[in-house]
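Trainee: If you read the protein sequences in the order shown, they are chains U and R.
Letter by letter, the first sequence follows residues 5 to 700 of the numbering used here.
Letter by letter, the second sequence follows residues 5 to 700 of the numbering used here.
Each residue gets a CB set at the ideal place from its N, CA and C atoms; glycine is no exception.
There are 2 protein chains.
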Amino acid sequence: MSAKHWIQALCVVGLAVLICAPRGGAQAAGQLNLMPYPASVEMGSGEFRVESSFSVAQTGHTDAQLDRAVQRFLRQLSRQTAIPSFGSAPTVSKVALVIHTDAASKEVQELGEDESYVLEVASGGVKLNAPTTLGAMHGLQTLLQLVAVGSDGFAAPAVTIRDTPRFPWRGLMIDVSRHFVPLDVLKRNIDGMEAVKMNVFHWHLSENQGFRIESKKFPKLHEMGSDNMFYTQDEARDLIAYAKDRGIRVVPEFDMPGHNTAWFVGYPELASGPGPYGIERRWGIFDPAMDPTNEKLYKFLDELIAEMAKLFPDHYFHIGGDEVNGKQWDANPKIQEFMKSHNLKNNEALQAYFSARVQKLVTKHGKAVVGWDEVFIPGVPKDIVIQSWRGQASLAQAASQGYHGILSNGYYLDLGWSTARHYAVDPMGGAAANLTPEQQKLILGGESCMWSEYVNPENIDSRIWPRNAAIAERLWSAQSVTDVASMYTRMHVVSERLDLLGLTHQKSYRPMLQRIAGPASPEEFAALRTLADVVEPVKDYAREQLAATEPTSATPLNRVVDAVPLESDTARRFSELVDKFVAATCHDADGEARLRRQFVLWRDNDARLEPLAQRSFLVKEVAQTSQDLSALGAAGLAALDFIAKGGGAPNSWKAEQTAAMQQIQKPKAQLLLMPADAVQKLVDAAAGGGTCAAKN
Amino acid sequence: MSAKHWIQALCVVGLAVLICAPRGGAQAAGQLNLMPYPASVEMGSGEFRVESSFSVAQTGHTDAQLDRAVQRFLRQLSRQTAIPSFGSAPTVSKVALVIHTDAASKEVQELGEDESYVLEVASGGVKLNAPTTLGAMHGLQTLLQLVAVGSDGFAAPAVTIRDTPRFPWRGLMIDVSRHFVPLDVLKRNIDGMEAVKMNVFHWHLSENQGFRIESKKFPKLHEMGSDNMFYTQDEARDLIAYAKDRGIRVVPEFDMPGHNTAWFVGYPELASGPGPYGIERRWGIFDPAMDPTNEKLYKFLDELIAEMAKLFPDHYFHIGGDEVNGKQWDANPKIQEFMKSHNLKNNEALQAYFSARVQKLVTKHGKAVVGWDEVFIPGVPKDIVIQSWRGQASLAQAASQGYHGILSNGYYLDLGWSTARHYAVDPMGGAAANLTPEQQKLILGGESCMWSEYVNPENIDSRIWPRNAAIAERLWSAQSVTDVASMYTRMHVVSERLDLLGLTHQKSYRPMLQRIAGPASPEEFAALRTLADVVEPVKDYAREQLAATEPTSATPLNRVVDAVPLESDTARRFSELVDKFVAATCHDADGEARLRRQFVLWRDNDARLEPLAQRSFLVKEVAQTSQDLSALGAAGLAALDFIAKGGGAPNSWKAEQTAAMQQIQKPKAQLLLMPADAVQKLVDAAAGGGTCAAKN
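(1) By Cβ distance below 7 Å, which residues in the same chain neighbour residue 94(U) in space, the five residues on each side in sequence not counted?
(2) What are the start and end residues of the alpha helix (DSSP H) that includes residue 581(R)?
(3) What runs of the alpha helix (DSSP H), each 4 residues or longer, lie entirely inside the region 413-459 of chain R?
(4) Using a beta-carbon distance below 7 Å, is residue 583(R) in contact with chain U?
(5) Are any of the Cβ atoms in chain R nearer than 7 Å to that of residue 58(U)?
(6) Based on Cα-Cα distance, which residue from 370(U), 380(U), 375(U) and 434(U) lies nearest to residue 395(U)?
(7) Is there a C-beta anywhere in chain R that falls below 7 Å from the one on residue 511(U)?
(8) One question on the structure: do residue 297(R) and residue 323(R) come within less than 7 Å of each other, judged by their Cβ atoms?
(9) Identify the contact partners of residue 85(R) in chain U, using a Cβ-Cβ distance below 8 Å as the criterion.
(10) So what does residue 62(U) bridge to, in DSSP terms?
(11) Which of helix, strand or coil does DSSP assign to residue 44(U)?
(12) Taking one C-beta from the region 493-501 of chain R and one from the region 212-229 of chain R each time, how about it: are there three or more such pairs within less than 8 Å?
(13) Does the beta carbon of residue 77(R) sit closer than 7 Å to a beta carbon anywhere in chain U?
(14) Report buried or exposed for residue 441(U), applying the criterion of at least 16 other Cβ atoms within 10 angstroms of its Cβ.
(15) Under 8 Å between beta-carbons, which chain U residues line up against residue 282(R)? List them in chain order, please.
(16) So within the region 196-225 of chain R, which uninterrupted beta strand (DSSP E) runs reach at least 3 residues, ignoring any that extend past its ends?
(17) I'd like the list of long-range same chain contacts for residue 361(R), defined as Cβ closer than 8 Å, with 5 residues on each side in sequence excluded.
(18) Would the region 447-459 of chain R and the region 501-521 of chain R be scored as touching if the rule is three or more Cβ pairs under 8 Å?
(19) If the cut is a Cβ gap below 7 Å, which residues of chain U does residue 618(R) touch?
(20) Are residue 160(U) and residue 148(U) touching if we call contact CB-CB under 7 Å?
(21) Are any of the Cβ atoms in chain R nearer than 7 Å to that of residue 504(U)?
(22) Among 116(U), 99(U), 481(U) and 502(U), which one has its Cα closest to the Cα of residue 126(U)?
(23) Taking the alpha-carbon of residue 414(U) as reference, which of 62(U), 401(U) and 397(U) has the nearest alpha-carbon?
(24) Between residue 588(R) and chain U, is there a C-beta pair that is closer than 7 Å?
(25) Looking at residue 257(R) and residue 209(R), is the spacing between their C-beta atoms short of 7 Å?
(26) Using a C-beta to C-beta distance shorter than 8 Å, which residues of chain R count as neighbours of residue 624(U)?
(27) Just checking: is the beta-carbon of residue 4(R) within a distance shorter than 7 Å of some beta-carbon in chain U?
(28) What number of angstroms, rounded off, separates the C-alpha of residue 639(U) from the C-alpha of residue 596(R)?
(29) Pairs of beta-carbons, one from the region 189-198 of chain R and one from the region 236-250 of chain R, closer than 8 Å: are there three or more?
(30) Which chain U residues sit within Cβ distance under 9 Å of residue 571(R)?
(31) Find the nearest neighbour of residue 374(U) within the set 353(U), 558(U) and 412(U), judged by alpha-carbon distance.
(32) Can you list, in chain order, the residues of its chain whose CB lies under 6 Å from that of residue 637(R), leaving out five sequence neighbours each side?
(33) Using 8 Å for Cβ pairs, my map puts residue 644(U) next to residue 686(U). What's the rounded Cβ distance?
(34) Does the beta-carbon distance from residue 477(R) to residue 40(R) come in below 7 Å?
(35) Which value, in whole angstroms, describes the spacing of the CA atoms of residue 445(R) and residue 439(R)?
(36) Taking just the CA atoms, how far does residue 120(R) sit from residue 165(R)?
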């Protein structure tokens, strides 16, 4: 506790702005490529070389969990360096890394355990000290991030790092119901979570589209409600142990009383409307809901929660509670009767009645409830945790009444936001900023959410990573760590490491494009890649709105919109280049040359792609976008020509280009052509009206 | 039998050159992207569309092996199309694919089973007929290769294919001893073998550097001779079943009496020289060899062969026999004494004595021997198979005496030859061409060999694939299928499919380069990639000769030479472009423009890469090669300038360039800069002496 408080003091009190904010160092471009960035970093001089003689010793408390973590560390160090094995070389003279740990993590990992560590890297060796196994494991991950190729070999820069998380609840939720996510895919994502120091895996196990966990008590839940795609209890135990080994708690979610059509396939008597029910194949909010007036429902839930509370050891148990549209309740006279007789004025009151009863069941079985905003109702027990999909205001409201909360609004990975936008969302932002320090402590952290309408094992990693690393930093690092350029630089490096760790967010892109291209010449394929590199899927929920036919779980996810990353690196860099060029009042010869090369490539790209569009319906779908990209290239070149002549493009030209740009900016094939905004800036500059004024 | 003979007749008798050679079709560039190319292809009209309603029915013989093959087929079809599942759509009106099989494959798959099939694709459906499960499985692989994205959806062109292999033994050997190869890596390579219709996995299980299979009888073999990297017998059985399911026999090799230092670590008494022995860490040929005069050795081998013959069900058992240097025999007076008393005139005779005895043991345990050339000694049983690492002459010699043989000379994947060079090697080439038809039948096929001095799980796939697909074609397809351009085109497509199947030959390239680069800007990384794309590792055994320090099994395989493919696609295409340009007597404006773009990129590349060379020792190693590439770019541009002016570059210029080129062509960092030869052609053309003469 004392070490933790001392470290927090360093950063929170602002004692040392210089050593808390990302700053210069031996690694790469003047900054350590760490993510999340540690609480305190003091650079030393020299570096520690990683050789095949590298070996590890432990002092203080040791346990099997830490031993396995050390073995994992060595395996990953081997992957990073391609040194086949460590510590077996005949020249081992002294121990390279000494880990000192004071105590074990709790047998069932708990919220709020000390996760701090101190890592000292010197040319002669590395020391890692931590009060708990959890801290030691985090320190090992930091050390892995420090090791990179250097001018004489693989090395970590000399540095002293004192680190502890800002928030104790740093989670990732994965919806395994809308699309089933196989166990190995979950495991590699848990590996990724460990690498960025997240500590809660929220397993969204049931939905209208699937009940994904074996119930021995009520086997029709998974047998009839999962298309035979579910986890056995043994598999769940395996995953829980896997996560625990990596310092990650597993919180299961059983969403109630809505979002559960799949339950009703086997147990229609639980629903508020007459059956029979089939597994839902579409996306959205649907009418079926549990019947809160049915006493048999509570008996059922009592037994199910008893079973699941035993399977999932974590203290927290998520009961969902979101998005009940109430239609089945309105249409059921028996329910209406019940509401009247129990003085329940509306559906919110009915849901509150249901929530209160379910919360009692959860408490009875020794657990504390987590639920979405809707479960926050007067009189709920104080150990409930509100997960806010609605926003910081609702979180602040709960905190002001003494309730714990975690933020998910702003961290929905499926909405396709830029990393910068997620990164700007802080659990202490908005209304939470006005809370008292005491109330602020009730905000435990946050969770990113991967809703799975449009993911499968092939593209799910690219929807989560690398952006999730920036959210992990938001939840771990000081609130003052907000530099976006630094974030992108470091995230880029972490992204490569996650790739080596086994995640497929980078690896799966090319094969998916190959499927779209079919047999293609290298030039044709390069043209597809050039186009794909600068588009992004439409944002928020626009994909449903723009769908030609209603998407379902049977829809192939084989289109360009499914293959491209949710954030285009190329477009982001291009946009930065344009901003820099314009900020230099268009007097940047090198920038101009680079822009010209880019525009020529784009202008000529459609002609190269056109043969493929003839052969592949998946390329044909983006033919208009390809033409738009060529138009962007031509417009950009024309703008540069005007600028080179001192600006003064005619208003008619500007109007024409702007009108064209508005067409180009419209989503097509559910894609956005990202460089359009930046090209518009050049068009404006060419017309001499503003941005290049100093020159013109 | 009759179907098979009939199909062979079609091609061998030359009845139908048009339908046997690769030819026009609906797929891509006028040719079906099949590899190995089938014996007979008759194009139909239209195409068969693959929808989610796709379903499969079986008639005739059915069995569990075929059921599993169909499930695998459907999974792969799902990967190729991203259609989540087949046959469950409500619109299933009729069966899409009907498989008719006459009979099962043998319970233990045998050499020479009928592997033929007939595949008829029409717009209304697909029929697959085969005399055995093996043929049906091959037909399914062909169908997978036919399906590609089309203008309206995923489809296979209408076609009738009658197919059967040219050779019954089409193998891949993997050396799992010099570097251990984990089971999952073997499995994905066996998946690849199935995709290209290879049918023998030759498992090189023991070597100086490791004894890799658990022996319950002699546990010190794997316990002391493997660094704890071995396969349990359960794992071996698992792999054998996995291979059998894919129509692939597993032939184990226990190399004797040399190449077995690792055996002697636990059992030094088997050796011809005094112990103790340690696991060998270096590469090469070493002195330790079994003592053929020791009766206890034969008792040991009797029991070991008994154990392994039971574990490995295949009829064939490989006893190695290669490369005994005889030094331990020469130095052992007891052995010299024995040779004298048994009238064994030299070491060859002693080895023949040993071989004869081991062959009797193998026969006693119900197996037939396979061995390298050296085991072919007078009087060996007729069911022995000679595997020739020495060449076709030695194979022809064996055949002329009535012995079976398979060719591996020319198919050593580790030597880094171009695919075209491997492809040109035919088991019936060289001396074998002069055999009588009866003798030719004794040549059963061939095996590609992956010796593992320089491979690990990260790069082994890229050493085997895609080149192995071309060797598979050589062993399956008609001898007349030799068009190199067609081969490269089809191999490129198959390579992408293998990637989707789970092989990592493409996927692992980028992460390996990332490790070399370390944290790098996109421009720096692109520069490294540009250089890496045009180099190849030195050929044959030059890597050992050029090594600064002796490589061992502890040497990290993290250098550019370990990361780049063994054949540079970019360099090959560049070379083709230069040849085309020069053949057009340098009057090819488009070609000239493309060459100029390429040269400018190369010329400017070193400046972009230079900062990385400062930061990474693995980039620094290729700094000279990078400068050489820039020099090539500059020389190429200068040559094009002369050519544009009608040639006539001064002799002094030509001499200077040629001298520079000779320096550039020298290996550096164990790499060859591949475009140098083609640039030299342009230098020659610029000097007006020849190639561009028609213009000048």
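Mentor: Straight from the coordinates:
(1) As a working note, residue 94(U) is residue 90 in the first sequence. Because residue 94(U) sits at a pLDDT of 45, beneath the cut-off of 50, its placement in the model cannot be relied upon, and the following sentence gives the value as read from the coordinates. Closer than 7 Å at the Cβ level, and outside the excluded window around residue 94(U), lies no residue.
(2) Sequence index remark: in the second sequence, residue 581(R) carries index 577 (1-based). Looking at the DSSP string, the run of the alpha helix (DSSP H) that includes residue 581(R) is 573-587.
(3) 423-427 and 441-444
(4) As a working mapping, residue 583(R) is identified with position 579 in the second sequence. Residue 583(R) does not count as touching chain U.
(5) Here residue 58(U) refers to the residue found at position 54 of the first sequence. No, because no Cβ of chain R sits closer than 7 Å to the Cβ of residue 58(U).
(6) Here residue 395(U) refers to the residue found at position 391 of the first sequence. Ranking the options by Cα distance to residue 395(U), first place goes to 434(U).
(7) Here residue 511(U) refers to the residue found at position 507 of the first sequence. Yes, residue 511(U) counts as interfacial toward chain R.
(8) As a first step, residue 297(R) must be located in the second sequence, where it is residue number 293. As a first step, residue 323(R) must be located in the second sequence, where it is residue number 319. Contact: no.
(9) Here residue 85(R) refers to the residue found at position 81 of the second sequence. Within 8 Å Cβ-Cβ: 519, 560 and 562.
(10) Sequence index remark: in the first sequence, residue 62(U) carries index 58 (1-based). Its beta-bridge partners are 103(U).
(11) What you label residue 44(U) is simply residue 40 of the first sequence in a count that begins at 1. Strand.
(12) no
(13) Working through the second sequence from its first residue, we reach residue 77(R) at position 73. With 7 Å as the cut-off, residue 77(R) does not count as an interface residue toward chain U.
(14) Along the first sequence, one-based indexing puts residue 441(U) at 437. That one is exposed.
(15) By one-based count along the second sequence, residue 282(R) stands at place 278. The contacting residues do not exist; residue 282(R) stays about 11 Å from chain U at best.
(16) 204-208
(17) Mapped onto the second sequence, residue 361(R) falls at position 357. Correct list, in chain order: 296 and 302.
(18) no
(19) Translated into positions along the second sequence, residue 618(R) becomes position 614. Near residue 618(R) (Cβ distances below 7 Å), the residues of chain U are 155.
(20) Translated into positions along the first sequence, residue 160(U) becomes position 156. Translated into positions along the first sequence, residue 148(U) becomes position 144. No, the pair does not count as a contact, with Cβ atoms beyond the cut-off.
(21) Along the first sequence, one-based indexing puts residue 504(U) at 500. Closer than 7 Å: yes.
(22) Working through the first sequence from its first residue, we reach residue 126(U) at position 122. If we check each option's Cα against that of residue 126(U), 99(U) comes out closest.
(23) For the purposes of this step, residue 414(U) is taken as residue 410 along the first sequence, with counting starting at 1. Out of 62(U), 401(U) and 397(U), 397(U) has the C-alpha closest to the C-alpha of residue 414(U).
(24) As a position in the second sequence, residue 588(R) is number 584, starting the count at 1. For residue 588(R), the answer is no, since every Cβ of chain U falls outside 7 Å of its Cβ.
(25) Within the second sequence, the letter at position 205 stands for residue 209(R). Within the second sequence, the letter at position 253 stands for residue 257(R). Cβ distance < 7 Å, so residue 209(R) and residue 257(R) count as in contact.
(26) As a working mapping, residue 624(U) is identified with position 620 in the first sequence. Neighbours of residue 624(U) on chain R, chain order: 155.
(27) A query on residue 4(R) cannot be resolved here, the shown segment of chain R reaching from 5 to 700 and no further.
(28) Sequence index remark: in the first sequence, residue 639(U) carries index 635 (1-based). Sequence index remark: in the second sequence, residue 596(R) carries index 592 (1-based). For residue 639(U) and residue 596(R), the distance between alpha carbons rounds to 28 Å.
(29) yes
(30) Position 567 of the second sequence, counted from the first residue, corresponds to residue 571(R). Within 9 Å Cβ-Cβ: nothing; residue 571(R) doesn't reach chain U, min ~14 Å.
(31) Counted from its first residue, the first sequence places residue 374(U) at position 370. Residue 412(U) is the option with its Cα nearest to residue 374(U).
(32) The residue you call residue 637(R) lines up with position 633 of the second sequence. Cβ neighbours of residue 637(R) beyond the five flanking positions: 603, 606 and 607.
(33) Translated into positions along the first sequence, residue 644(U) becomes position 640. Translated into positions along the first sequence, residue 686(U) becomes position 682. So it is a contact: roughly 7 Å between Cβ atoms.
(34) On the second sequence, residue 477(R) is found 473 positions in, with the first residue counted as 1. On the second sequence, residue 40(R) is found 36 positions in, with the first residue counted as 1. Cβ distance < 7 Å, so residue 477(R) and residue 40(R) count as in contact.
(35) Residue numbering aside, residue 445(R) sits at position 441 when the second sequence is read from its first letter. Residue numbering aside, residue 439(R) sits at position 435 when the second sequence is read from its first letter. Residue 445(R) and residue 439(R): Cα-Cα distance of roughly 9 Å.
(36) On the second sequence, position 161 is the one that residue 165(R) refers to. On the second sequence, position 116 is the one that residue 120(R) refers to. Taking the straight line joining both Cα atoms gives about 10 Å.
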